[in-house]
Each structure stands twice: as structure tokens, then as C-alpha cells.
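Student:
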Ligand SMILES: CC(C)(COP(=O)(O)OP(=O)(O)OC[C@H]1O[C@@H](n2cnc3c(N)ncnc32)[C@H](O)[C@@H]1OP(=O)(O)O)[C@@H](O)C(=O)NCCC(=O)NCCS
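Numbering (the working numbering), first residue to last: 32 to 198.
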């Protein structure tokens, strides 16, 4: 949770205004993606809900350079590093909608790679399997990277193809 640093405390909560939230959790190897080559037993982390209050969109924090989204994701990655004991940084996964032009560059800057649309098999009747995709892009940040290291966006600056349609 990111609170405004310099604003006065709100009367009804006694807290400074909320800038945004970012949730984290643990992830198993099988919840990550086979294509990225992690071991069956490897444990990692996931980023869940991420969002800023509407008044903090297109906003820069009081240091004059940091966007709220960057502070939230860098903070979440730093927390994940601490939750894993402060040793080697684990892999981190998250999902984004292909048309979310705000979060794609944000995760790209934080060294998440776009692995495309994962598909899963579901049994929809006795012996009848259906292969389906959630329609969200699976993003994967390899283990061992610094939680605070940013890079210039790459894949997110190119057009994202829509998910493959199945008959
Ligand atoms: C995604 C988010 C956290 C990024 O925060 P940020 O890094 O501080 O950046 P901003 O909010 O200033 O947005 C950056 C750009 O993305 C655009 N953008 C933000 N959310 C967008 C969305 N959902 N769809 C399309 N564009 C979006 C903004 O208009 C802005 O455009 P610009 O580069 O032309 O100025 C924030 O925009 C947000 O909370 N968005 C709504 C919730 C959301 O989409 N969460 C992510 C789910 S995976």
C-alpha cells in the first residue's frame, strides 16, 4: 500500500491519502510457465492486484521523477525479496490484459518478459477436454534479478497480437 508522503492526514481515517495498492503472494512452479524452463520444485512469487487512485494517474511522486506505478511494483518486488529471506530473488509471475497499455510498460520496465497467452486443458464433460486461454498475457520475471533494477521498455512498445481463437 502506498500512501501520500507530504499531504496532511485525512480527518476520517487519520491516515495520509492512498496513492495505490499492489498485492503479492507465493507461486508454485506449475503456476509459472513450462516454456520459461523453471524446475518443478522451484518456488516463486506472484503479483496480484495493482492499481492507483484515479487522481494519481499520469502523476509523479514528490521526488519529482517516480511514477506511482513504479513505486508500487518496486516496493512489491522488494517485499518479495524480504519474504524469501533476503537471499536470491525468486521468479515472479503476473497476468495482464493485452489492451492494458498502462501496466504492460510498467512490468516491462521491471524486467518482466511476455510469455504470451498460456492455455490450459479443462474437462467440460465425461472425457471431453477443452483447451482454453484466459485471454490474459502471462508475464514472467526470471529469478536472480535485482528488485530495484529498471530497464527501458522493449516488448511492451510493440503491438500485442490478440489471443488465438479456437473453433
Ligand atoms: C497500471 C497503473 C498502476 C500504472 O501506473 P503508473 O505507472 O503510475 O502510470 P500511469 O497511471 O500514469 O499510466 C501510464 C500510461 O498508461 C495509461 N494507462 C493506465 N492504465 C491504463 C489502462 N488500464 N489501459 C490503457 N492505458 C492505461 C495512462 O493513460 C498513461 O498513458 P500515457 O503514457 O499516454 O500518459 C495505473 O495506470 C492504474 O492503476 N491503472 C488502472 C488499473 C490497472 O490497469 N491495473 C493493472 C492491472 S494488471
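For glycine and all other residues, C-beta sits at the position ideal for the given N, C-alpha and C.
(1) According to DSSP, is residue 86 helix, strand or coil?
(2) Look up residue 55 in the DSSP assignment and give the residues it is bridged to.
(3) Looking at C-beta atoms only, is the number of pairs between the stretch 50-60 and the stretch 71-86 that lie closer than 8 Å three or more?
(4) Expressed to the nearest angstrom, what Euclidean distance is found between the alpha-carbon atoms of residue 41 and residue 103?
(5) Which residues in the same chain as residue 93 place their Cβ atom closer than 8 Å to its Cβ, once the five residues preceding and following it in sequence are excluded?
(6) Have a look at the DSSP bridge pairing and note the partners of residue 125.
(7) Could you check where the beta strand (DSSP E) with residue 135 kicks off and where it finishes?
(8) So residue 163 is in the alpha helix (DSSP H); what residue range does that whole segment cover?
Tutor: Taking the definition as stated:
(1) Taking the first residue of the chain shown as 1, we reach residue 86 at position 55. Note: residue 86 maps to helix in three-state DSSP.
(2) Locating residue 55 in the chain shown gives position 24, counting from the first residue. According to DSSP, residue 55 bridges with 78.
(3) yes
(4) In the chain shown, residue 41 corresponds to position 10, counting from 1. In the chain shown, residue 103 corresponds to position 72, counting from 1. It is roughly 21 Å from the alpha-carbon of residue 41 to the alpha-carbon of residue 103.
(5) Against the chain shown, residue 93 aligns to sequence position 62. 36, 37, listed in sequence order.
(6) For the purposes of this step, residue 125 is taken as residue 94 along the chain shown, with counting starting at 1. Paired residue(s): 170.
(7) Here the question's residue 135 lines up with position 104 in the chain shown. Premise fails: residue 135 lies in the alpha helix (DSSP H), 134-140, not in any beta strand (DSSP E).
(8) Taking the first residue of the chain shown as position 1, residue 163 is located at position 132. Not the alpha helix (DSSP H): residue 163 falls in the beta strand (DSSP E), residues 159-164.
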